[in-house]
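A.B. asks: Have a look at the structure that comes next, please.
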Amino acid sequence: MDSDPEGEKAPMSVIRVPSAKIALSTASVYPERTPDAFELAARLGYDGVEIMVGADPVSQDIDVLERLSDHYQLPILAIHAPCLLVTQRVWGKDPWAKLKRAQRAAERVGAQTVVVHPPFRWQRDYARDFETGLARMREETDVVFAVENMFPLKARGNKVVPYSPDWNPVDYDFPQVTLDLSHTAVSGSDAWEMFTKLGDRLAHLHLADGVGIPNKDEHLVPGRGNQPCAPILERLAANGFGGLVVLEVNTRKAASRTERVDDLAEALAFARLHLAASANA
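Just so we're aligned: the sequence shown equals residues 1 to 281 in the UniProt record's numbering.
Put into structure tokens, the structure is as follows:
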């Protein structure tokens, strides 16, 4: 340890690491499949996985997911309910039934969070009762329902919002929110302003990056775009964030599996580096 010329010890630099776990979204390995996500997350040292419930039958089968979790000794930390256009028929067509099934899946595997998107505008009944319905579900379970920020679309110079009440949950009465830093890029939002406005309501972070191309949800490896990924992680670390950080990145254009693995390793290293806040004790 360094000392000053008079022999006094210099202040010790202490690394403070919050209790937040870092998970890999199973969507991050596409076009590989859910079992591959478990394998890569375990190999690279992620703390667990977030299951993107989608077209892959394995992602829909809780029995198989439990076996994968046991085999790789890797916990399932979150369930992303099937809310995408391409998953409208996964787990049925009733959106409330989907959320109940996601809740039961989370309870069974011990996941702390269900990620849910705002309703589509054409889901009128679901959209009308969305806030009150989620509030009722929260009273029945310890599982957190974290509503994710989405983005408007642009068509012929006009902004089209396919979500109701809005694509942005920040100004609505949702006690827990997922902040997605690729979605802030495509929506042209001020991600830092959204982050600070959420405060303790931020329960879940989808860590990715983007440069803000209209209508293109990039999900770049953090550090490859212009979103404040590093400052947000550092602030979370300083505040002792206890939620979940999920790498939800796009590796579908990787030229090889080696390149995909390198991208996922880089994403994890970025998150771990910036979640370690240095302070003088």
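Glycine residues also receive a C-beta, built at the ideal position from the N, C-alpha and C atoms.
This one's a predicted model, so the numbers in the text were calculated from it and none came from an experiment.
1. Name the one or two DSSP bridge partners that Leu244 has.
2. Measuring from the CB of Pro169, is there a heavy atom of the ligand SAH at a distance below 8 Å?
3. With the cut-off set at 9 Å, would you say Leu205 and Leu268 are in Cβ contact?
4. So, using beta-carbon positions, are Asn149 and Pro169 closer together than 9 Å?
5. Quick check: Phe241 and Leu202, are their CB atoms within less than 9 Å of each other?
6. Let me check understanding here. Comparing Cα to Cα, which of Ala41, Gly48, Arg89 and Phe130 lies closest to Gln60?
7. So, using beta-carbon positions, are Tyr145 and Gln123 closer together than 9 Å?
8. Mind checking Asp142: buried by the 16 CB within 10 Å criterion, or exposed?
9. Measuring alpha carbon to alpha carbon, tell me which residue in Asp47, Ala106, Lys197 and Ala42 is nearest Tyr172.
10. Where does Val246 land, buried or exposed, given buried means 16+ other C-beta within 10 angstroms?
11. Assuming Glu50 and His80 are in contact, meaning their beta carbons sit under 8 Å apart, how far apart are those beta carbons, in whole angstroms?
12. DSSP three-state call for Ala78: helix, strand or coil?
C.D. replies: Taking the definition as stated:
1. For the purposes of this step, residue 244 is identified with residue 244 of the sequence shown, where counting begins at 1. Answer is Lys21 and His204.
2. In the structure shown, the ligand SAH is absent, as is every other ligand, since no ligand is present at all.
3. In the sequence shown, counting from the first residue as 1, residue 205 sits at position 205. In the sequence shown, counting from the first residue as 1, residue 268 sits at position 268. The answer is no: Cβ separation not under 9 Å.
4. For the purposes of this step, residue 149 is identified with residue 149 of the sequence shown, where counting begins at 1. For the purposes of this step, residue 169 is identified with residue 169 of the sequence shown, where counting begins at 1. Yes.
5. The count along the sequence shown starts at 1 and reaches residue 241 at position 241. The count along the sequence shown starts at 1 and reaches residue 202 at position 202. Closer than 9 Å, so yes.
6. Within the sequence shown, the letter at position 60 stands for residue 60. Taking only the C-alpha atoms, the option nearest Gln60 is Arg89.
7. By one-based count along the sequence shown, residue 145 stands at place 145. By one-based count along the sequence shown, residue 123 stands at place 123. Before going on, a small fix: residue 145 reads as Phe here, not Tyr. Contact: no.
8. For this step, residue 142 is matched to residue 142 along the sequence shown. The residue is exposed, with fewer than 16 neighbouring Cβ atoms inside 10 Å.
9. Counting from one through the sequence shown, the residue named residue 172 turns up at place 172. Measuring from the Cα of Tyr172, the nearest candidate turns out to be Lys197.
10. Counting from one through the sequence shown, the residue named residue 246 turns up at place 246. Buried is the call here.
11. Reading the sequence shown from its first residue, position 50 is the one you call residue 50. Reading the sequence shown from its first residue, position 80 is the one you call residue 80. With a Cβ gap of about 6 Å, Glu50 and His80 count as contacting.
12. Here the question's residue 78 lines up with position 78 in the sequence shown. Correct three-state label for Ala78: strand.
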